[in-house]
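Here's the structure we're looking at; comments come further down.
Numbering (the numbering used here), first residue to last: 92 to 341.
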């Protein structure tokens, strides 16, 4: 029961609550994986490494256990060990796309662009509807000088997720390298628009959280002010309108 609740909390963004539940639950392999992921979300990378190592010890033949350990090691700054874990993961499960993608990213950080491109090609083939995999492939192809392939991959990524900022930015760079200045400029303007929208959404969410705190304290005026500002900044965010209506009833 605790593990199920922890999974729900983790998916809803309450990693601290998930950790609290999991620390009181039996430490089987699935619980260790959830706990490690929760530690990653809260920035506790050393704890995540320790937890995922325990998961690998419990299931040494599990490709996903090695994959998550690699993620934690990479975030903890141990890129060499992360590479070893990603390689172990893909050797255990060659069709596991996320491990190929992460191996490609680690190889790129090491400066091995050719090997990284091979892994990104595999990841995109295994996950053809994953916009991040396509964006990674597009960037690697651009770095390798294949501008046509890069533009194709990046446009595919943006077809799936039009708001993927880094894909649109890389597309702008690739188009500029191809001499298509007008299209490159349009792509860069889209990047600026997406960035501004993301900043405004973050501001709106911060104001909503502040307003919720004032609601709990029954400070209706301060709550209403925060919700009004949130709606003004990001009118398309439904939670802001919901809480503003709630505060107006008080």
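Glycine included, every Cβ here is placed at the ideal spot set by N, Cα and C.
Quick caveat: nothing in here was measured; it's all calculated off a predicted structure.
Quick check on the DSSP output: the alpha helix (DSSP H) that includes residue 304 runs from which residue to which?
Residue numbering aside, residue 304 sits at position 213 when the chain shown is read from its first letter. Counting along the chain, the alpha helix (DSSP H) containing residue 304 begins and ends at 272-307.
Handout entry: Collapsed DSSP secondary structure at residue 66 in the structure displayed
Key = Nothing in the structure corresponds to residue 66, since the chain is present only between 92 and 341.
Does residue 144 come out as helix, strand or coil in the three-state DSSP assignment?
Along the chain shown, one-based indexing puts residue 144 at 53. For residue 144, the three-state secondary structure derived from DSSP is helix.
Along the chain, where does the alpha helix (DSSP H) containing residue 258 start, and where does it finish? Numbered from 1 along the chain shown, position 167 holds the residue referred to as residue 258. From DSSP, the alpha helix (DSSP H) with residue 258 extends over 256-268.
Point to revise | Alpha-carbon to alpha-carbon, residue 298 and residue 328 | key: Residue numbering aside, residue 328 sits at position 237 when the chain shown is read from its first letter. Residue numbering aside, residue 298 sits at position 207 when the chain shown is read from its first letter. Those two C-alpha atoms are separated by around 12 Å.
Review point. For residue 275, which residues from the same chain have a beta carbon less than 6 Å from its beta carbon, with the 5 sequence-adjacent residues on both sides left out?
Key: Taking the chain shown and counting its residues from 1, one reaches residue 275 at position 184. Taken in chain order, the residues that qualify are 263, 266, 267.
How is residue 218 classed by DSSP in three states: helix, strand or coil? As a first step, residue 218 is located in the chain shown; it is residue number 127 there, counting from the start. Coil, per DSSP.
Exercise for review: Express the C-alpha separation of residue 309 and residue 332 in angstroms, rounding to a whole number.
Suggested key: The sequence position of residue 332 within the chain shown is 241, counting from 1. The sequence position of residue 309 within the chain shown is 218, counting from 1. Rounded to the nearest angstrom, the two C-alpha atoms are 18 Å apart.
TODO: In angstroms with no decimal places, state the Cα-to-Cα distance between residue 100 and residue 330.
DONE: For the purposes of this step, residue 100 is taken as residue 9 along the chain shown, with counting starting at 1. For the purposes of this step, residue 330 is taken as residue 239 along the chain shown, with counting starting at 1. Note on geometry: alpha-carbon atoms of residue 100 and residue 330 lie some 19 Å from one another.
Is the beta carbon of residue 112 sitting closer than 7 Å to the one on residue 97?
Position 21 of the chain shown, counted from the start, is the residue given in the question as residue 112. Position 6 of the chain shown, counted from the start, is the residue given in the question as residue 97. By the CB criterion at 7 Å, residue 112 and residue 97 fall inside the cutoff.
For the putative contact between residue 314 and residue 302, defined by C-beta atoms under 8 Å, what is the C-beta separation to the nearest angstrom? Along the chain shown, one-based indexing puts residue 314 at 223. Along the chain shown, one-based indexing puts residue 302 at 211. Confirmed, Cβ separation roughly 5 Å.
Next on the checklist: Using the Cβ count rule (16 or more neighbours within 10 Å means buried), how would you classify residue 158?
Outcome noted: As a first step, residue 158 must be located in the chain shown, where it is residue number 67. Buried is the call here.
Counting C-beta neighbours from all protein chains within 10 Å, is the total for residue 168 16 or more, i.e. buried, or is it exposed? Position 77 of the chain shown, counted from the first residue, corresponds to residue 168. Residue 168 comes out exposed.
What number of angstroms, rounded off, separates the C-alpha of residue 117 from the C-alpha of residue 151?
-> Walking along the chain shown from the start, residue 117 turns up at place 26. Walking along the chain shown from the start, residue 151 turns up at place 60. Approximately 19 Å between the Cα atoms of the pair.
message = If I follow the unbroken alpha helix (DSSP H) through residue 325, where does it start and stop?
response = For the purposes of this step, residue 325 is taken as residue 234 along the chain shown, with counting starting at 1. Where residue 325 is concerned, there is no enclosing alpha helix (DSSP H), given that its DSSP letter is neither H nor E.
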